[in-house]
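Protein chains: 2
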Amino acid sequence: MRVGILGGGQLGRMLALAGYPLGLRFRFLDPSPDASGGQLAGLVIAAYDDAAAIDRFVEGLDVATYEFENVPAETAEHLGRHVPVLPPREALDTAQDRLVEKECFRALDIPTAPFAAIDERSDLDPAIERIGLPAVLKTRRLGYDGKGQRVLQDLDDVQRAWSDLGGVPLILEGFIDFDREVSIIAVRGRDGRVAFYPLIENQHRQGILRLSTAPAPGTDERLQALAERHAARVLDALDYVGILAIEFFQTGDRLVANEMAPRVHNSGHWTIEGAETSQFENHLRAICGFPLGSTAPRGHSIMFNLIGAAPDVNAVLAIRGAHLHLYAKEPRPGRKIGHITIRADDAETAAERLEQLRQAIG
Amino acid sequence: MRVGILGGGQLGRMLALAGYPLGLRFRFLDPSPDASGGQLAGLVIAAYDDAAAIDRFVEGLDVATYEFENVPAETAEHLGRHVPVLPPREALDTAQDRLVEKECFRALDIPTAPFAAIDERSDLDPAIERIGLPAVLKTRRLGYDGKGQRVLQDLDDVQRAWSDLGGVPLILEGFIDFDREVSIIAVRGRDGRVAFYPLIENQHRQGILRLSTAPAPGTDERLQALAERHAARVLDALDYVGILAIEFFQTGDRLVANEMAPRVHNSGHWTIEGAETSQFENHLRAICGFPLGSTAPRGHSIMFNLIGAAPDVNAVLAIRGAHLHLYAKEPRPGRKIGHITIRADDAETAAERLEQLRQAIG
Numbered sequence: 001m002r003v004g005i006l007g008g009g010q011l012g013r014m015l016a017l018a019g020y021p022l023g024l025r026f027r028f029l030d031p032s033p034d035a036s037g038g039q040l041a042g043l044v045i046a047a048y049d050d051a052a053a054i055d056r057f058v059e060g061l062d063v064a065t066y067e068f069e070n071v072p073a074e075t076a077e078h079l080g081r082h083v084p085v086l087p088p089r090e091a092l093d094t095a096q097d098r099l100v101e102k103e104c105f106r107a108l109d110i111p112t113a114p115f116a117a118i119d120e121r122s123d124l125d126p127a128i129e130r131i132g133l134p135a136v137l138k139t140r141r142l143g144y145d146g147k148g149q150r151v152l153q154d155l156d157d158v159q160r161a162w163s164d165l166g167g168v169p170l171i172l173e174g175f176i177d178f179d180r181e182v183s184i185i186a187v188r189g190r191d192g193r194v195a196f197y198p199l200i201e202n203q204h205r206q207g208i209l210r211l212s213t214a215p216a217p218g219t220d221e222r223l224q225a226l227a228e229r230h231a232a233r234v235l236d237a238l239d240y241v242g243i244l245a246i247e248f249f250q251t252g253d254r255l256v257a258n259e260m261a262p263r264v265h266n267s268g269h270w271t272i273e274g275a276e277t278s279q280f281e282n283h284l285r286a287i288c289g290f291p292l293g294s295t296a297p298r299g300h301s302i303m304f305n306l307i308g309a310a311p312d313v314n315a316v317l318a319i320r321g322a323h324l325h326l327y328a329k330e331p332r333p334g335r336k337i338g339h340i341t342i343r344a345d346d347a348e349t350a351a352e353r354l355e356q357l358r359q360a361i362g
Numbered sequence: 363m364r365v366g367i368l369g370g371g372q373l374g375r376m377l378a379l380a381g382y383p384l385g386l387r388f389r390f391l392d393p394s395p396d397a398s399g400g401q402l403a404g405l406v407i408a409a410y411d412d413a414a415a416i417d418r419f420v421e422g423l424d425v426a427t428y429e430f431e432n433v434p435a436e437t438a439e440h441l442g443r444h445v446p447v448l449p450p451r452e453a454l455d456t457a458q459d460r461l462v463e464k465e466c467f468r469a470l471d472i473p474t475a476p477f478a479a480i481d482e483r484s485d486l487d488p489a490i491e492r493i494g495l496p497a498v499l500k501t502r503r504l505g506y507d508g509k510g511q512r513v514l515q516d517l518d519d520v521q522r523a524w525s526d527l528g529g530v531p532l533i534l535e536g537f538i539d540f541d542r543e544v545s546i547i548a549v550r551g552r553d554g555r556v557a558f559y560p561l562i563e564n565q566h567r568q569g570i571l572r573l574s575t576a577p578a579p580g581t582d583e584r585l586q587a588l589a590e591r592h593a594a595r596v597l598d599a600l601d602y603v604g605i606l607a608i609e610f611f612q613t614g615d616r617l618v619a620n621e622m623a624p625r626v627h628n629s630g631h632w633t634i635e636g637a638e639t640s641q642f643e644n645h646l647r648a649i650c651g652f653p654l655g656s657t658a659p660r661g662h663s664i665m666f667n668l669i670g671a672a673p674d675v676n677a678v679l680a681i682r683g684a685h686l687h688l689y690a691k692e693p694r695p696g697r698k699i700g701h702i703t704i705r706a707d708d709a710e711t712a713a714e715r716l717e718q719l720r721q722a723i724g
């Protein structure tokens, strides 16, 4: 089978690396000639709304998928006339818009922060009145890694936040005081079967994921079951096919859904070494209609994002159980250029190795 | 770094899949336009002795390696003038010729079957006299997967074997009555450090490897240590860099060396899922001068070669812990077109899953 991937960055690249052993072939569409997926599969270089390029891209494909949720609706529509596009259109529509996403969670009885649509300046004050401060003002579309959002600590912040973000549809979300952030990576096959990886504990800094630990320490079966119930509801409601990630705020034994990503997810990269089947392989198994693979963890994993600068490869590889993944991207401040997964048979050893890694690469 | 690989078959393909995450790039040289490595890296299509093509192939490479030991000496020589070629030339010279190989083992005090060079028909009778029957007559060069050899059970077989094989340099080897066949996968870095995977039990049929089980059941520490001592001697004597495989016949607590392969090896494919670092990654780490990765096993693995015909992918992927590796090769009788590694946390579960697999794919 031939799989087309919209986006030729690291997620597409890791999908292809996982899929070649299954006998799959790949083609990427990406506006950048430097998209590093192009090193290991055909790359159509064009804008995502270039209809002629999409016609070239789709030629001979059996299925298409994407590595980012901001696929233009017309592109998904156009592609979908020629080939199955999975995860399905409804998942894109939901995940692209923070308001629709929150409404989806609410309709499925999954707790969220209080929220309000902010279309005009005049919507803001009554929303603050209702939700309270602190709160977060976010663009409904195209935000990622902390971009397109402003924290409102008090009323003095309101006008500046509006000046920065106003003019596009916004959402105001109540601030959640949480113990920690966790995510679940779920997968649903074409036949409707589902599987879930163990909950992951995530640490962000400046809006960017830094560290994921899996299985999330101190997680009991009830919390895992709760996360799975929430994810299963979303999967079924959207008639979903592929990997879906949902990020939660955890407070005690309560999970509050923050956002979803209808694609393989940074917090699931540890599954390459740390699970029986990686999220990349399971995404491909799902969209190609194959049986899903086991999501059982293999030992304990800590994933460490490489942001902005390349590490000393020799120093990294000298750490026992350290698995390096470079994305062949030019380093730039704030840019994810790779990750390292530390795997060990027990959590203590994994933590020790992480400490060694931190000392080795500064 | 950019790595050139002579040969674009499954071994080269799996090297590239293991190396992209390390930030490496790849280029293959292969006479066949269908070489499946070409799906995931640049492919120079040319004969291995085509000097102009080798000049194109070598352009911009940092290091070159090979996926088969029958690289023509002139090619290695020519390449070596432009770029380091690893494993080193002496390893190729040794492994290409069964007589030189056996003499190497003997010089290093590693037990082998009794053997004799057979250059002419008149060498054969005195050799049989000395070595006894049964024995195996083999071409010194270019044999693989049981090709280029004849078993001599009694004197009646001698003339036919000579008619089939005579005319090129041959070797007569005494027949070893063994309990089982095992192999060791060893690796040596540019800095001379070595590491060893656990011994592997191999089952051949019609000269082709069918099944590898790792760690080899019932192996005690002494046998592992003995295999490592033998392998270490070869690695050091050849000033070796990269993965080296040595196949042994085991009788009781004795190991008799059969042959070596100066490359990643079919009996090491289980390391992709079954070891902390795969043989493919460790080969690349070695030739690129990076630190070696841990060779510790992760649970128990059984590797099952797919020979001649493609399996039902859905049936394979439905088996828990089954990892499919297809090589994108046209099925032909006797041709290795893929492998499946069954991994489990204990040997019994791995064996059960193998049984399920056998029932599923017939």
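These protein sequence lines are chains F and Z, in that order.
When the letters of the first sequence are read in order and numbered with my numbering, they come out as residues 1 to 362.
When the letters of the second sequence are read in order and numbered with my numbering, they come out as residues 363 to 724.
All C-beta atoms, glycine included, are put in the ideal place defined by N, C-alpha and C.
Since we're looking at a predicted model, the values are computed, not measured.
Where Z:THR501 is concerned, the enclosing beta strand (DSSP E) starts and stops at 497 to 501. Scanning F:ALA47, F:HIS78 and F:PRO72 for the CA closest to the CA of F:VAL58 turns up F:HIS78. Contact of F:HIS265 with chain Z is not assigned, every C-beta pair being separated by 9 Å or more. Here the C-alpha atom of F:PHE248 lies approximately 5 Å from the C-alpha atom of F:VAL182. Distance from the CA atom of F:PHE178 to the CA atom of Z:LEU686, rounded to whole angstroms, is 41 Å.
Contact fails between the stretch 155 to 169 of chain F and the stretch 259 to 270 of chain F, because fewer than three Cβ pairs, one in each stretch, are under 8 Å apart. Under the Cβ distance rule, Z:GLU638 counts among the residues neighbouring chain F, one pair being separated by less than 9 Å. In the DSSP assignment, F:VAL256 falls within the beta strand (DSSP E) that extends over 254 to 261. For Z:PRO383, a Cβ of chain F is located within less than 9 Å of the residue's own Cβ. Put simply, the CB of F:PHE290 is near chain Z, with a gap under 9 Å to one of its CB atoms. Taking 9 Å as the cut-off, the Cβ atoms of Z:TYR382 and F:LEU40 count as close. When the alpha-carbon of F:ALA53 is set against those of F:TYR66, F:GLU69 and F:LEU29, the nearest one is in F:LEU29. Annotation: the continuous alpha helix (DSSP H) that includes F:GLU273 extends over 271 to 274. Assignment of beta-bridge partners to Z:MET376 by DSSP yields no partner.
If only uninterrupted beta strand (DSSP E) runs of at least 3 residues are considered, those enclosed by the stretch 139 to 217 of chain F are 149 to 152, 170 to 174, 180 to 188, 194 to 196, 200 to 205 and 208 to 214.
Taken atom to atom, the span from the alpha-carbon of F:GLY148 to that of Z:GLN565 is near 60 Å. In the three-state reduction of the DSSP assignment, F:LYS329 falls in the coil class. Around the Cβ of F:SER36, a 10 Å sphere holds 16 or more other Cβ atoms; the residue is buried.
In terms of beta-carbon proximity, F:ARG343 lines the interface with chain Z, with at least one pair separated by less than 9 Å.
Sequence-distant partners of Z:ASP519 (beyond 5 residues in either direction) whose C-beta falls short of 8 Å from its own C-beta, in its chain, are ARG512 and VAL513. Cβ contact annotation for F:ALA76 (same chain, cutoff 7 Å, sequence separation greater than five): VAL85, ARG89 and LEU92, in chain order. Rounded to the nearest angstrom, the Cβ distance from F:ILE340 to F:VAL316 is 6 Å, consistent with a contact under 8 Å. At a cut-off of 9 Å between beta carbons, Z:VAL425 makes no contact with chain F.
Here F:SER301 is near F:ILE342, since their CB atoms are less than 9 Å apart.
At least 9 Å separates the CB of Z:GLN721 from every CB of chain F.
Neighbours of Z:GLY655 in chain F, taken as residues whose beta carbon is under 9 Å from its own, are LEU317, ARG320, GLY321, ALA322 and HIS323 in chain order. Only buried fits F:ASN258, as 16 or more other CB atoms lie within 10 angstroms of its CB. With a cutoff of 9 Å on beta-carbon distance, F:GLY12 and F:GLU69 are scored as not near each other. Just so you know, the alpha carbons of Z:ALA523 and F:VAL44 end up roughly 56 Å apart. Neighbours of F:ARG27 in chain Z, taken as residues whose beta carbon is under 7 Å from its own, are absent, since the nearest beta carbon is some 11 Å off. Judged by DSSP secondary structure, F:HIS265 falls outside any beta strand (DSSP E); it is assigned neither H nor E. When DSSP states are grouped into helix, strand and coil, Z:GLN612 belongs to the strand group.
Residue environment for F:LEU292: buried (at least 16 other C-beta atoms within 10 angstroms of its C-beta). DSSP, reduced to helix, strand and coil, places F:SER301 within a strand of the structure shown. Cβ contact annotation for F:ALA46 (same chain, cutoff 7 Å, sequence separation greater than five): LEU29, PRO31 and ALA53, in chain order.
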